[in-house]
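Accompanying notes for the structure given below.
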Amino acid sequence: MATEQAAIAMKVAMRMESGGVGINGPDAIALPFGGYKMSGLGREGASTTLEEMSQVKAIVLKGVR
């Protein structure tokens, strides 16, 4: 997603049913990656193993006010 409005970006990102959202740039490689709902079987990444049963969402926010 591309925007200069931080409040709008966060509102939209929180409503999206996705495993991650990049705002004004790509996702950060160190963040967890994976599907949401029936599109995936969980997240990849060592730090997310303990959170396997939760709905984790990564939001990357760059260059907004």
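Just so we're aligned: 44 in the working numbering is position 30 of the sequence shown, and the numbers increase by one with no gaps anywhere. For glycine and all other residues, C-beta sits at the position ideal for the given N, C-alpha and C. Predicted model, so just to flag it, every value in this text is computed and none were measured.
CB-CB under 8 Å to residue i, same chain, minus the five flanking residues each way: which ones, in chain order?
| i | result |
| --- | --- |
| G77 | E18, N38 and G39 |
| L45 | G34, G59, A72 and V74 |
Under DSSP, the beta strand (DSSP E) around residue i begins and ends at which residues?
| i | result |
| --- | --- |
| I35 | It is worth fixing the name first, because residue 35 is Val in this sequence and not Ile. That run of the beta strand (DSSP E) goes G34 to I37. |
Can you tell me which of the three DSSP states residue i falls into?
| i | result |
| --- | --- |
| V74 | strand |
| M30 | coil |
| A16 | coil |
| A81 | This structure leaves residue 81 out entirely; the chain is present only between 15 and 79. |
Roughly how many angstroms lie between the CA atoms of residue i and residue j, to the nearest whole one?
| i | j | result |
| --- | --- | --- |
| K71 | A16 | 18 Å |
| E31 | K25 | 12 Å |
What is the C-beta distance between residue i and residue j, in whole angstroms, given that I count them as a contact (C-beta under 8 Å)?
| i | j | result |
| --- | --- | --- |
| A42 | V35 | Contact doesn't hold; Cβ gap of about 12 Å is too wide. |
| L75 | A23 | 6 Å |
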